[in-house]
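Chemist:
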Amino acid sequence: MMRFSRTFPACRRLMLAAVLLLPLPATAHRAWMLPSATVLSGENPWVTVDAAISNDLFYFEHMPMALDGLTITAPDGSQARPENQSRGRYRSTFDFRLDQPGTYRVAVAGDTLMASWRQDGQPRRWRGTREAFAREVPANAEGLRVTFGQRRIEFFATRGAPTDRALQPGNEGLELVPVTHPNDLVAGESARFRMLLDGKPAAGIEVSVIPGGKRYRDELGEMKLKTDEEGVVEVTWKGPGMYWLSATVRDDRSGIPNVPRVASYAATLEVLP
Amino acid sequence: MRILPILALAGMAATPAAAAELSVTLEIPRLDVAEYHRPYVAIWVERPDQKAAGTLAVWYDLDMRNNEGEKWLKDIRQWWRRAGRELRMPVDGVSGATRAPGRHTQAFDAAKGPLSELPPGTYNLVVEAVREVGGREMLRLPFQWPPASAQTATAQGSSELGAVTLNLRP
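One line per chain: the protein sequences are A and B, in this order.
Here this note's numbering is used: the first residue of the first sequence is 119, the next is one more, and so on.
Here this note's numbering is used: the first residue of the second sequence is 3, the next is one more, and so on.
1) DSSP on tryptophan 355 of chain A, reduced to helix/strand/coil?
2) Pick helix, strand or coil for glutamate 249 of chain A, following the three-state DSSP scheme.
3) Taking valine 47 of chain B as the reference, give the member of B:Ala36, B:Arg40, B:Thr57, B:Gln146 with the closest Cα.
4) At which residues does the beta strand (DSSP E) containing glutamine 153 of chain B begin and terminate?
5) Helix or strand or just coil, what does DSSP make of asparagine 202 of chain A?
6) Taking three-plus beta-carbon pairs below 8 Å as touching, is the segment 94-108 of chain B in contact with the segment 177-193 of chain A?
7) Out of B:Ala157, B:Glu162, B:Gly136, B:Ile45, which has the shortest C-alpha to C-alpha gap to glutamine 108 of chain B?
8) Return no unless some Cβ of chain A is closer than 9 Å to the Cβ of tryptophan 74 of chain B.
9) Would you call the CB atoms of isoleucine 374 of chain A and glycine 349 of chain A closer than 9 Å?
10) Can leucine 168 of chain B and tryptophan 147 of chain B be called in contact, C-beta distance under 9 Å?
11) Examine chain A for any beta-carbon lying closer than 9 Å to the beta-carbon of glycine 136 of chain B, and answer yes or no.
12) Could you pull out every residue in the same chain whose Cβ sits closer than 8 Å to the Cβ of serine 204 of chain A, ignoring the five residues on either side in sequence?
13) Quick check: is any heavy atom of the ligand COA less than 8 Å from the C-beta of glutamate 324 of chain A?
14) Note down, in chain order, all residues in the segment 258-288 of chain A with a beta-carbon under 7 Å from any beta-carbon belonging to chain B.
15) By the 10 Å Cβ neighbour count, where 16 or more other Cβ atoms means buried, how is aspartate 51 of chain B classified, buried or exposed?
16) To test your reading of the DSSP string, which unbroken beta strand (DSSP E) runs of 3 or more residues are found completely within the segment 287-336 of chain A?
17) I'd like to know if valine 165 of chain A contacts chain B, where contact means its C-beta is closer than 9 Å to some C-beta of that chain.
18) Report all residues from its chain with a CB closer than 7 Å to the CB of alanine 320 of chain A; omit the five preceding and five following residues, and keep chain order.
19) Do the segment 355-364 of chain A and the segment 240-259 of chain A touch if we need at least three Cβ pairs shorter than 8 Å?
20) In the DSSP output, which residue or residues are listed as bridge partners for asparagine 126 of chain B?
21) Select from the segment 335-354 of chain A all residues with a C-beta closer than 8 Å to any C-beta belonging to chain B, and list them in chain order.
22) Can you list, in chain order, the stretches of the alpha helix (DSSP H) that have 4 or more residues and sit fully within the segment 234-281 of chain A?
23) Could you confirm whether any beta carbon from chain A is found closer than 9 Å to the beta carbon of tryptophan 82 of chain B?
24) Chain A beta carbons: is any one of them nearer than 9 Å to that of asparagine 69 of chain B?
25) For tyrosine 361 of chain A, list the residues DSSP reports as bridge partners.
26) Going along the chain, which residues of the segment 30-60 of chain B sit with their C-beta nearer than 9 Å to a C-beta in chain A?
27) What do you reckon, are the CB atoms on valine 73 of chain A and arginine 270 of chain A nearer than 9 Å?
28) Would you kindly report the start and end of the unbroken beta strand (DSSP E) that includes glutamine 218 of chain A?
29) State the Cα-Cα distance for the pair valine 295 of chain A and threonine 156 of chain A, rounded to the nearest angstrom.
30) May I have the straight-line CA-CA distance separating leucine 139 of chain A from asparagine 376 of chain A, to the nearest angstrom?
31) Would you say valine 224 of chain A lies against chain B (beta-carbon separation less than 9 Å)?
32) For alanine 305 of chain A, count the other beta carbons within 10 Å of its own beta carbon; 16 or more makes it buried, fewer makes it exposed. Which is it?
33) Please report the straight-line C-alpha distance between tyrosine 62 of chain B and glycine 71 of chain B, rounded to a whole angstrom.
34) Going by DSSP in three states, arginine 90 of chain B sits in which element: helix, strand or coil?
35) Do the CB positions of leucine 143 of chain B and threonine 156 of chain B come within less than 9 Å of each other?
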């Protein structure tokens with residue numbers, strides 16, 4: 119409550135307005151990054167990345183992904199710099215150089231508040247930061263619904279032998295930590311990952327794994343898996359290729375009373391033959 | 003004059019102290035393709051659980067400017083995962099230049115390199131070849147180490163490798 123009151127002067131009115139909190143409408147769109155390679159050798163290899171929001175995996179057909187909140191964590195824990203960033207009609211792109219041996223973690227992560235309400239009979243939608251929310255969203259808006267979204271979209275790339283330092287969790291929102299290293303995935307071997315919610319094992323949540331290449335097959339091919347009590351999920355790959363692993367958790371831990379949180383996670387994983 | 007080398011050979015064969023040797027003869031097929039590059043080849047020893055016990059040879063573009071040839075080492079996919087990614091190339095006695103189509107024999111001394119540290123047991127010799135703008139092929143040849151007697155194993159490739167022969171001499 120204290121924190122809420124600090125960042126939201128209008129908290130009481132908001133709380134009254136946000137009485138009915140309905141779940142977010144399910145959206146078919148998927149957010150992903152697609153790297154040119156995840157297993158690399160040599161002294162100064164580069165990876166180039168497409169980032170997009172689309173229906174089918176992994177095709178650019180809807181929107182470029184905004185690259186605000188892009189971080190590239192190098193094997194020694196430092197931040198590497200994205201180069202050649204560009205936003206196209208259907209995809210964003212950037213490159214980075216793997217000048218250290220080991221594993222890089224590339225993530226677009228961040229928090230957003232989403233609000234919808236009716237004004238003069240018209241539906242209004244808004245998204246932004248906590249700070250802007252207090253300024254821009256009328257606290258007494260009719261039918262106001264607010265959701266706190268916490269998302270992480272990422273992939274991993276390794277030059278030489280895989281390392282773990284860049285894979286340490288931030289203990290915020292929904293995250294994946296490896297049991298099987300994400301750059302050591304091979305068809306015919308199953309892989310295990312631990313899902314964490316705010317740093318604790320996310321037990322009993324659903325994890326979806328969908329192979330890429332959807333355009334050239336009819337069925338979605340989705341594997342719906344559940345984490346065990348340790349938050350661990352085991353994936354048996356259907357074959358080599360790029361896969362999209364995702365999970366979403368809805369709870370009330372937004373830090374704002376009566377505002378639900380939607381914590382989502384998505385990773386692009388490459389499985390080699 | 004001809005007797006001397008024969009006597010010398012006989013003398014060598016009779017010497018029990020002569021070091022054991024593993025030799026590999028492999029054929030790189032001549033391919034009728036528009037764009038041909040010599041394959042990258044890795045020769046290594048794996049345990050029955052497929053863990054690598056040692057890399058014997060890697061043939062790749064080791065003379066390129068800025069070591070650019072190392073960029074494609076990961077395409078020797080199985081070797082890269084099992085052993086290559088842990089190595090710092092080039093490795094003395096292991097790194098070598100790519101070879102032209104034809105038969106190539108390379109012998110490895112049991113007293114040197116990874117063979118000198120190989121515990122007695124059953125192993126596979128693995129030969130993996132991958133060609134730029136081409137395919138990849140991998141062959142396994144089982145053998146016992148150390149060799150109690152002369153052993154020979156052969157395998158026949160179908161795309162990127164021709165016949166591969168393993169000879170062991172105690």
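Where is the CB? At the ideal position from N, CA and C, for every residue including glycine.
A quick note: this is a predicted structure, and the numbers were derived from the prediction, not measured.
Modeler: Let me spell this out:
1) coil
2) helix
3) For the residues B:Ala36, B:Arg40, B:Thr57, B:Gln146, the minimum Cα distance to valine 47 of chain B belongs to B:Thr57.
4) 153-158
5) strand
6) Short answer: they don't touch.
7) B:Ile45
8) yes
9) Going by C-beta atoms, isoleucine 374 of chain A is not nearer than 9 Å to glycine 349 of chain A.
10) no
11) It does not: the Cβ of glycine 136 of chain B has no partner Cβ on chain A nearer than 9 Å.
12) Ser210, Thr211, Phe212
13) No copy of the ligand COA occurs in the structure displayed, which carries no ligand at all.
14) Gly278, Ala279
15) exposed
16) 292-296, 309-315, 324-329
17) Taking Cβ atoms only, chain B never reaches closer than 9 Å to valine 165 of chain A, which makes this a no.
18) Leu292, Met313, Leu314, Thr345, Gly349, Val367
19) no
20) B:Glu48, B:Pro144
21) none
22) 248-254
23) yes
24) yes
25) A:Pro329, A:Leu387
26) none
27) Residue 73 of chain A is absent from the structure shown; chain A starts at 119 and stops at 391.
28) Neither: glutamine 218 of chain A is in no beta strand (DSSP E) and is coded neither H nor E.
29) 17 Å
30) Reliability fails at leucine 139 of chain A, whose pLDDT of 37 lies under 50, so the model's placement of it is uncertain and the value that follows must be treated cautiously. Leucine 139 of chain A and asparagine 376 of chain A have their alpha carbons spaced roughly 8 Å apart.
31) So no, valine 224 of chain A is outside the interface.
32) exposed
33) 7 Å
34) coil
35) yes
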